[in-house]
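Residue numbers (this note's numbering), protein chains in the order written: chain U, 2 to 164; chain G, 14 to 194.
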């Protein structure tokens, strides 16, 4: 004989949970589902709106992406604005010319050294039959052991214009 | 079935309701029988389901079924309760009334009588006796819940019954033996 036989015939009384079952279920639903549902749509809507605005910004203002990039990734690149002038319009703040007057002066001085009007070579080439008046030439002078001075004469078809 | 239910219950409130309805009664019955106090049982069952729902995303259908997982949480919560409060023997409120048992079923013996001695056993022995005799679970099912081998459980149960017999006074035990014989 043992207690085992007794235990096999014991019946545990029914203990209905009553309203506690419903109350706990309600609290669990509130804790794990309703809270999630309350913030989730608001967050999703806000995120979607932000993405839409960002994409529209990229489409409508491409430099926005450029600025955004330099805002995070490095220094902003300076982009000079090019003024567009209508025909006949006077530009008040005219951009500086590519060559200054000083540049032109110096350039003319250098060209002058190789010009036919250079006094130092004028006498030497004045009697050359190949030279035609009114045309421009570039004359380079070399020295040959047997012949002495040798002149290389190239005709310049088109001279650069200086302003 | 339960597996699909759990996967859906993680995100769909309707499936959560089904899961709750399916498992709540067994867990509540287990806890209230073990603590024998309605208020405490409600507190513990609340903790069990809160923890289960919080960790539902971590539950993987591998070694044990969902019901066994819930029982494990419940066992842990009950142990925590008794360990922290050390008031197992101070519980005065009795939730069971002998009148709960239908009078015509005279072949059933008093739960109240045996419970006063069972609660003197270690927690693991109480769990084992509850699952085996009151929930009529197989050793295989108990093995899934408590995480021990079936043979070990058989030996443990045998020892638990011997301990229980020692807790019951001899003259009372004689009376019990007479009743069952």
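Built from N, CA and C at the ideal position, the CB exists for glycine as well.
Check                                                                                                            : Outcome
Partners in chain G for residue 41/U, counting only beta-carbon separations shorter than 8 Å                     : Ordered by position in chain G, no residue passes the 8 Å Cβ test against residue 41/U, which lies about 11 Å from the chain.
Min CB distance residue 91/G to chain U below 7 Å                                                                : no
Pair within 7 Å by beta-carbon distance, residue 28/G and residue 13/U                                           : no
Cα-Cα separation, residue 41/G to residue 55/G                                                                   : 8 Å
Range covered by the alpha helix (DSSP H) that runs through residue 46/G                                         : 26-48
C-beta contact flag for residue 69/G and residue 23/G at 7 Å                                                     : yes
Short CB-CB distance (under 7 Å) between residue 127/G and chain U                                               : yes
Bridge partner(s) assigned by DSSP for residue 141/U                                                             : 153/U
Cα-Cα separation, residue 124/U to residue 87/U                                                                  : 53 Å
Interface positions of the segment 10-22 of chain U facing chain G (Cβ-Cβ less than 8 Å), listed along the chain : 10, 11, 12, 13, 14, 15, 16, 18, 21 and 22
Test item: CB-CB of residue 20/G and residue 31/G under 7 Å                                                      : no
7 Å Cβ cutoff met for residue 141/G and residue 169/G                                                            : yes
Nearest-angstrom Cβ-Cβ length linking residue 85/G and residue 155/G, presumed shorter than 8 Å                  : Not really, about 12 Å apart at Cβ, beyond 8 Å.
Buried or exposed by the 16-neighbour rule on C-beta atoms within 10 Å, applied to residue 154/U                 : exposed
Where the alpha helix (DSSP H) through residue 164/G begins and ends                                             : 163-180
Residue-chain proximity (residue 8/U, chain G), Cβ-Cβ < 7 Å                                                      : yes
Exposure label - residue 174/G; buried when at least 16 CB within 10 Å                                           : buried
Nearest-angstrom beta carbon gap, residue 37/G and residue 22/U [assumed within contact, 8 Å]                    : 6 Å
Short CB-CB distance (under 7 Å) between residue 33/U and chain G                                                : yes
Test item: CB-CB of residue 33/U and residue 66/G under 7 Å                                                      : yes
Helix, strand or coil at residue 152/G according to DSSP, with G and I counted as helix                          : helix
Where residue 133/U falls: helix, strand or coil (DSSP)                                                          : coil
Cβ neighbours of residue 152/G in the same chain (closer than 6 Å, five flanking residues each side left out)    : 163 and 166
Cβ of residue 174/G within 7 Å of any chain U Cβ                                                                 : yes
Straight-line gap, residue 65/U to residue 52/U (C-alpha atoms, nearest Å)                                       : 14 Å
Beta-carbon neighbours of residue 48/G, restricted to chain U and to distances below 8 Å                         : Correct list: empty, because the minimum Cβ distance to chain U is about 11 Å.
Beta-carbon neighbours of residue 29/U, restricted to chain G and to distances below 8 Å                         : 29, 33, 62, 63 and 66
Classification of residue 10/U by the beta-carbon crowding that lies within 10 angstroms, buried from 16 upward  : exposed
Contact check, residue 126/U vs residue 140/U, beta carbons under 7 Å                                            : yes
Three-state secondary structure assigned by DSSP to residue 99/U                                                 : coil
Rounded Cβ spacing between residue 134/G and residue 186/G (contact assumed at less than 8 Å)                    : Their Cβ separation, rounded to whole angstroms, is 15 Å, which puts residue 134/G and residue 186/G out of contact at 8 Å.
Three-state secondary structure (DSSP) of residue 11/U                                                           : strand
Closest by C-alpha distance to residue 149/G, when choosing among 26/G, 33/G, 43/G and 35/G                      : 43/G
Proximity to residue 130/G [Cα-Cα], best of 82/G, 78/G and 189/G                                                 : 189/G
Integer Cβ distance of residue 61/G from residue 87/G, believed to fall under 8 Å                                : 5 Å
Cβ pair residue 183/U, residue 146/G closer than 7 Å                                                             : Since the first residue shown for chain U is 2 and the last is 164, residue 183/U is missing from the structure and cannot be characterised.
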